[in-house]
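Numbering (our numbering), first residue to last: 315 to 575. This report concerns only the one structure given below.
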């Protein structure tokens, strides 16, 4: 799809959000380890386990039949060794992941190659890599200077050589993202990295307004949180005032039961 039309990707974490994303016609669903903060209430992605990712990937795969399903490899699931990386990727593939995504550049090229050689496609992830954000300078934009941009390009080329089919570029300067997109033969997908990539990805909850904190590069298309709070508030009021359940929500006995009570 590189150079043909923009790739539409969404990060979704469970059956209902994947079902909606599928119905909306997205090209790719990423089961992201950001589910740690968005769904499970963790302070970061570091608390997410492989078991968490397996469970949520399976739920997404049961719902979405048309988009490509990519599962994040969580912290600790590929760093120890290439064999560990392959075992983790296989666990995700078994429950419906058609590809896996891992963070990092040339330092993990051997992990990428091992997974690809095992028959599982790999998506790379460069720029702001949340699993290592604090170690490499915190949550700030990347590749705004020449040296960081040069390093980004070298890492992208290393990942391509290792066999990735696509690369996510997170929170890097638009100019650096454009250079990488021009230089690599695989599609790039931007999240907070401008308009020059081959596609875009945003978290489902950011799109619909369910996130507690929406990042500056995301766009909220509807305030679903407000709608849902209003709905639950009305339900609570109806219960407390005897308006729910009403006759239409009641099942009646087919024969007299008065003598039983």
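Glycine residues also receive a C-beta, built at the ideal position from the N, C-alpha and C atoms.
With respect to the 8 Å criterion, residue 472 and residue 420 are classified as neighbours on the basis of their beta carbons. A distance of 8 Å or more separates the beta carbons of residue 405 and residue 435. Note on the segment 373-410: whole alpha helix (DSSP H) runs with a minimum of 4 residues are 396-408, in chain order. Contact annotation: residue 442 and residue 456 have beta-carbon atoms nearer than 8 Å.
The Cβ-Cβ distance between residue 365 and residue 349 does not fall below 8 Å.
When secondary structure is reduced to three states using DSSP, residue 503 falls in the strand class.
In this chain, the beta strand (DSSP E) harbouring residue 481 covers 480-484.
Non-local C-beta neighbours of residue 360 in its own chain, meaning closer than 7 Å and more than five positions away in sequence, comprise 389 and 445, ordered along the chain.
Residue 441 is bridged by DSSP to 484. Under the 8 Å Cβ criterion, the segment 509-516 does not count as touching the segment 538-548, having fewer than three qualifying pairs. Sorting 319, 346, 392 and 355 by C-alpha distance to the C-alpha of residue 374 places 346 at the top. Distances from the alpha-carbon of residue 394 to those of 380, 381, 424 and 379 put 424 closest.
With respect to the 8 Å criterion, residue 381 and residue 343 are classified as neighbours on the basis of their beta carbons. Secondary structure at residue 517: strand, using DSSP grouped into helix, strand and coil. DSSP places residue 528 in the coil class of the three-state scheme, outside both helix and strand. When rounded, the separation of the alpha-carbon atoms in residue 403 and residue 463 is 29 Å.
Note on geometry: alpha-carbon atoms of residue 570 and residue 336 lie some 48 Å from one another. Going by beta carbons, residue 331 and residue 518 fall inside the 8 Å limit. Across the set 372, 327 and 341, the C-alpha of 341 shows the shortest separation from the C-alpha of residue 319.
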